[in-house]
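Q: This is the structure I want to talk about, given as structure tokens.
In our numbering, the protein residues as written are 1 to 313.
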């Protein structure tokens, strides 16, 4: 082939390559990362005026950025009834494909791994049918991330009362004992029932802060996050009008959960958690959300609650 022929062939080939590049279909965009968050668990996650916010949302956003995907949040409403269990509701949301991850999950051994029930209905979430019309979902195996936050309980009293660092200092004071909660159980069991005469039994929907404001109770035992939420809301008796004891770690950590086939996704979550803790971003997100950051405790997954330690002063 003559030299002009070689040049012509080269130009033709180069032009064909360029045309192929311009006409080749663009890569399909990645689908959004779907994360289920509780709709009323401030300051971890909450819905206000149609917007989802909170500490868990900041962390979920970091995971989505790590993956190069948009974030789509699915707020859900856990049931309060005793027969409903959070682990089954979250499992059903994941198993139904409503979301790929769920945040704020208590890392207890009994609630992870293979389900203890074969099927369950999903919790209320946007687009869900009425509960009675909702189908039962075949449940999968839950796997978990590394913990990103620990939990702690704290004694809360009205201002002006003698300080009480533990439950033993509350004897003789009107103490709220919320039925069906860990806090209520600890109050009832403390000292072999030493506080029962001053217990004021209350329901899970009762406003403890209002009860403290109007004098029905003098003290209560709450998760530190519940005190943080009260500060954020500013309703009822302001948390600033109370005094707090020393927070006591509960020994249960919070993490993300997914189904077993999503082990690769959980590995990315672990990477983001480790880096954010080391850089101080995790603590900053907690501060911005109004959450008292509680470091995770060992082991990452608790086998059971250590009631003896929690009951001791």
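C-beta: ideal position from N, C-alpha, C; glycine also.
DSSP state of residue 2, grouped into three classes?
A: With a pLDDT of 47 at residue 2, under the threshold of 50, the predicted position of this residue should be treated as unreliable, and no value is reported.
Q: Kindly indicate which three-state DSSP category residue 350 falls into: helix, strand or coil?
A: Since the first and last residues shown for the chain are 1 and 313, residue 350 lies out of range.
Q: I need the DSSP call for residue 76, collapsed to helix, strand or coil.
A: Three-state DSSP puts residue 76 in a strand.
Q: Can you grab the Cα-Cα spacing for the pair residue 82 / residue 122, in whole Å?
A: Legend: pLDDT at residue 82 = 46, less than 50; position of this residue unreliable, no value from coordinates given.
Q: Have a look at residue 328 and residue 244 and give me their C-alpha separation to the nearest angstrom.
A: The chain is shown only over 1 to 313; residue 328 falls outside these bounds and no answer can be derived.
Q: Tell me whether residue 267 is buried or exposed, calling it buried when 16 or more other Cβ atoms sit within 10 Å of its Cβ.
A: It is exposed - the Cβ of residue 267 has fewer than 16 other Cβ atoms within 10 Å.
Q: Does any residue of chain B have a CB that is nearer than 9 Å to the CB of residue 272?
A: Although the question refers to chain B, the structure presented lacks it and comprises just one protein chain.
Q: Compute the Euclidean distance between the alpha carbons of residue 255 and residue 199, then round it to the nearest angstrom.
A: Rounded to whole angstroms, residue 255 to residue 199 spans 33 Å at the Cα level.
Q: Among 107, 89, 156, which has the Cα closest to the Cα of residue 128?
A: For the residues 107, 89, 156, the minimum Cα distance to residue 128 belongs to 89.
Q: Suppose the cutoff is 6 Å on Cβ atoms and the five residues either side in sequence are ignored; what does the same chain contact list for residue 301 look like?
A: Excluding residues within five positions, the ones whose Cβ falls inside 6 Å are 107, 109.
Q: With respect to the beta strand (DSSP E) encompassing residue 52, which residues constitute its N-terminal and C-terminal limits?
A: Its beta strand (DSSP E) spans residues 51-53.
Q: Going by other Cβ atoms of all chains shown within 10 Å of its Cβ, with 16 needed for buried, is residue 177 buried or exposed?
A: With 16 or more Cβ atoms within 10 Å of its Cβ, residue 177 is classed as buried.
Q: May I have the straight-line CA-CA distance separating residue 153 from residue 29, to the nearest angstrom?
A: Between residue 153 and residue 29, the C-alpha separation is close to 45 Å.
Q: In the DSSP output, which residue or residues are listed as bridge partners for residue 255?
A: Note: residue 255 sits in a beta bridge opposite 105.
Q: Taking C-alpha atoms, which residue in 66, 48, 51, 47 lies nearest to residue 275?
A: Here the closest residue by C-alpha is 66.
Q: Using the Cα positions of residue 249 and residue 259, report the straight-line distance between them to the nearest angstrom.
A: Their Cα atoms are separated by approximately 28 Å.
Q: Please check the pair residue 103 and residue 139, which I expect to be a contact at CB under 8 Å, by giving their CB distance rounded to whole angstroms.
A: Contact doesn't hold; Cβ gap of about 19 Å is too wide.
Q: For the beta strand (DSSP E) containing residue 176, list its first residue and its last residue.
A: Residue 176 -> beta strand (DSSP E) spans 175-178.
Q: If you count every other CB in all the chains shown that lies within 10 Å of the CB of residue 201, and 16 or more means buried, which is it?
A: So residue 201 counts as exposed.
Q: Below 8 Å on the Cβ atoms is my guess for residue 218 versus residue 161; work out the distance and round it to an integer in Å.
A: Sure, about 6 Å apart at Cβ, within 8 Å.
Q: Expressed to the nearest angstrom, what Euclidean distance is found between the alpha-carbon atoms of residue 101 and residue 215?
A: Looking at the two C-alpha atoms, the distance is approximately 43 Å.
Q: Can you tell me the Cβ-Cβ gap for residue 242 and residue 159, rounded? I've got them flagged as a contact below 8 Å.
A: Rounded, the Cβ-Cβ distance is 6 Å, consistent with contact.
Q: On the CB-based measure, 16 or more other CB atoms within 10 Å of its CB, does residue 307 come out buried or exposed?
A: So residue 307 counts as exposed.
Q: Straight-line CA distance for residue 50 to residue 39?
A: Approximately 10 Å between the Cα atoms of the pair.
Q: Check for me: the beta strand (DSSP E) holding residue 219 runs from which residue to which?
A: Per DSSP, residue 219 belongs to the beta strand (DSSP E) from 219-223.
Q: Helix, strand or coil: which one does DSSP assign to residue 307?
A: Note: residue 307 maps to helix in three-state DSSP.
Q: Report all residues from its chain with a CB closer than 6 Å to the CB of residue 270; omit the five preceding and five following residues, and keep chain order.
A: Cβ neighbours of residue 270 beyond the five flanking positions: 145, 146.
Q: Taking the C-alpha atoms as reference points, what is the distance between residue 42 and residue 192?
A: If I take the Cα positions, the gap works out to 34 Å.
Q: Quick check on residue 134: does DSSP put it in helix, strand or coil?
A: Reduced to three states, the DSSP call for residue 134 is coil.
Q: Using only CA atoms, which one of 212, 35, 56 lies nearest to residue 289?
A: Of 212, 35, 56, the residue nearest in Cα terms is 56.
Q: Have a look at residue 163 and residue 221 and give me their C-alpha separation to the nearest angstrom.
A: Distance between the alpha carbons of residue 163 and residue 221: 14 Å.
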